[in-house]
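Working notes, beginning with the structure itself.
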Amino acid sequence: MIKCIATDMDGTLLNSIQQVSQENKEAILKAQAQGIEVVVATGRSYQEATYALNEAGLNCPVIGVNGAEVRTKEGDVISAISIDKQIAKGVAKKLQENEVYFEVYTNDGAYTIDGDKAVSIIVDIILSANPDVNMQEAVTAAEKRVHEGRIHLIDNYDVLFNDEDAQVYKFLAFSFDSKRLEAASNELADFKELTVTTSGHENLEITHKDAQKGIALEAFVKTNGIDLSETMAIGDNFNDVSMFERGGRAVAMGNAGFTIKSLCDVVTDTNDENGVAKAILEVL
2 MIKCIATDMD
12 GTLLNSIQQV
22 SQENKEAILK
32 AQAQGIEVVV
42 ATGRSYQEAT
52 YALNEAGLNC
62 PVIGVNGAEV
72 RTKEGDVISA
82 ISIDKQIAKG
92 VAKKLQENEV
102 YFEVYTNDGA
112 YTIDGDKAVS
122 IIVDIILSAN
132 PDVNMQEAVT
142 AAEKRVHEGR
152 IHLIDNYDVL
162 FNDEDAQVYK
172 FLAFSFDSKR
182 LEAASNELAD
192 FKELTVTTSG
202 HENLEITHKD
212 AQKGIALEAF
222 VKTNGIDLSE
232 TMAIGDNFND
242 VSMFERGGRA
252 VAMGNAGFTI
262 KSLCDVVTDT
272 NDENGVAKAI
282 LEVL
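Residue 2 is where the sequence shown starts when you use my numbering, and the numbers rise one by one after that.
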C-alpha cells in the first residue's frame, strides 16, 4: 500500500504553462484526504515551489533544491545540507573560468547576476520538459518567474559567499555551448563533496553529494514512520533518479526521455495530460 507520494514539479506536476492542473490538484487532495503524505520534490527553491503550490491552493511538504532542504507544510526547515563556502567559491571560479553562467540557490531563494540569462535558463528547463510548447509561451512564463522576484538579482555572488547567515544549497549552471558545460562538469568532478546532475538540455545542477531527492525522501518517510517500499516517486528527469532507485514504485512521465522511462516501473501520461493525477488515482 502506498503511504507517501513524492512528485517532481517541472515537467511533472506542472504542465507546459507552469501550472498545476485542476485534475492534478484534485488527485492530490484526494490522496491527502485518505491520509497519504504527498511531498513535492523539486530542484526549485522553497520560495519558488510554494509560489506554484499556493497558486493551485495546495499545501504540501517540500523537498527543495534537489534535496538540499526539506520543509514541512508550514514552511519549517526539517533538514538542510549546504555546500561549504570555500568549496562554493571554488565552484564559482571553475564555472567563471569556463565562461558558464550560473545561479546560486540559498536558504533565502535563488540569486542571479544577470536577469536576461536567468530567463534563458528557465526557458531551457521549460522546453526540456515540454518540447512541444511554444517558444514565446516559455519565454513569457520564464519572465514572469524572474520579474515577480522569485529569483533575486544581485551584483556579486561574493555577497552570499561572505554572508554567515546564507547557506549555499545549489549552483544551477547554463550554457548553449556543450563543450564549455562538459569542461566545467569534468573539472567539478575534482570536488568529491559534490554531485552534478541535470534538469535540462543545457544545464548542470551542482549540490552537496548528500543533497539528493532520494536521500531526502528516505529521511522524510523514516521521520513519518513510512517504509520506502510504501513510497511512490513520480518524475521526468535525471535529478529524479535517486528517488526512483529508493522508492517502492517508480513512475516516469510520458514526456520523459527513454532512459528515464527504462528506469521506472510504470510510465504515466504526459504533464499536459495530467500524468500525475493518473499515477495517483491508480494507487488509491
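For each residue, glycine too, the CB sits at the ideal point set by N, CA and C. Small disclaimer: the values here were computed from a predicted structure and weren't measured.
Compute the distance between the beta-carbons of N67 and A174, then report whether it is under 9 angstroms. Their beta carbons are not under 9 angstroms apart, which means N67 does not touch A174 by this criterion.
Are the CB atoms of F172 and A253 nearer to each other than 9 angstroms? No, they are not a contact pair.
In its own chain, which residues sit with a C-beta less than 8 angstroms from the C-beta of Y112, not counting the 5 before and 5 after it? The beta carbon of Y112 sits closer than 8 angstroms to the beta carbons of E104, V105, Y106, I152, H153, L154, I155, Y158, L161 from its chain, once the five residues preceding and following it are set aside; these are given in chain order.
Cβ of G249 within 9 angstroms of Cβ of S230? Contact: yes.
Option in V268, F245, M233, L189 with minimal Cα separation from Q97: When each option's Cα is compared against that of Q97, the closest is L189.
From F177, M2, A7, pick the residue whose C-alpha is nearest to that of F245; which is it? Across the set F177, M2, A7, the C-alpha of A7 shows the shortest separation from the C-alpha of F245.
Enumerate in chain order the residues of its own chain whose CB-to-CB distance from K86 is below 6 angstroms, with the five nearest sequence positions on each side excluded. Cβ neighbours of K86 beyond the five flanking positions: F162.
Cα separation between V124 and T13? Approximately 16 angstroms, taken between the alpha carbons.
Check whether chain C comes within 9 angstroms of A190, counting only Cβ atoms and requiring the distance to be less than that. No chain C is part of this structure, which consists of one protein chain only.
Measure the CB-CB distance between Y47 and R72 and report whether it falls below 9 angstroms. Pairing Y47 with R72 gives a Cβ-Cβ distance under 9 angstroms.
Answer with buried or exposed for H209, where buried requires no fewer than 16 other C-beta atoms within 10 angstroms of its C-beta. Per the 10 Å Cβ criterion, buried.
Mind checking which residues open and close the beta strand (DSSP E) that includes I84? Segment: none, I84 is in no beta strand (DSSP E) and carries neither H nor E.
Out of curiosity, what's the CA-to-CA distance linking S179 and D266? Going by the C-alpha atoms only, they are around 31 angstroms apart.
Per DSSP, cross-strand counterpart(s) of T1: The structure shown does not extend to residue 1, since the chain spans only 2 to 285, so no value can be given for it.
State the Cα-Cα distance for the pair I207 and S176, rounded to the nearest angstrom. Going from the Cα of I207 to the Cα of S176 covers about 14 angstroms.
At what residues does the beta strand (DSSP E) containing M233 begin and finish? M233 -> beta strand (DSSP E) spans 232-236.
Could you tell me the alpha carbon to alpha carbon distance between V242 and A278, rounded to whole angstroms? Cα-Cα distance, rounded: 20 angstroms.
Taking DSSP as the reference, what is the three-state secondary structure of R45? Reduced to three states, the DSSP call for R45 is coil.
Which residue or residues does DSSP assign as beta-bridge partners of R72? In DSSP, R72 forms a bridge with V63, V78.
For D117, tell me which candidate among L15, I64, K145 has the shortest Cα-Cα distance. Comparing Cα-Cα distances from D117 to each of L15, I64, K145, the minimum goes to K145.
Opening and closing residue of the alpha helix (DSSP H) in which I29 lies: It spans 23-34 - the alpha helix (DSSP H) in which I29 sits, taken as one unbroken run.
G236, buried or exposed, once every other Cβ within 10 Å from all chains shown has been counted against 16: With a 10 Å radius around the Cβ and a threshold of 16 neighbouring Cβ atoms, G236 comes out buried.
How many angstroms separate the CA atom of K74 from the CA atom of A32? Spanning the two alpha carbons is a distance of roughly 15 angstroms.
Assign M136 to buried or exposed, taking buried as 16 or more other Cβ atoms, counted over all protein chains shown, within 10 Å of its Cβ. Looking at its Cβ environment, which holds fewer than 16 other Cβ atoms inside 10 Å, M136 is exposed.
Please state whether the Cβ-Cβ distance between T78 and L218 is less than 9 angstroms. Per the sequence shown, the amino acid found at residue 78 is Val instead of Thr. It is not a contact, given that the beta carbons lie outside the stated cut-off.
Whole-angstrom distance between G255 and K26, CA atom to CA atom: A straight-line Cα-Cα distance of about 19 angstroms links K26 and G255.
For a quick check, are the C-beta atoms of S17 and V169 less than 9 angstroms apart? For S17 and V169, no; Cβs fall outside 9 angstroms.
Distance CB(R181)-CB(N99) smaller than 9 angstroms: The answer is yes: Cβ separation under 9 angstroms.
Under a Cβ-count criterion, where at least 16 other Cβ atoms within 10 Å of its own Cβ denotes burial, should Q19 be classed as buried or exposed? Per the 10 Å Cβ criterion, buried.
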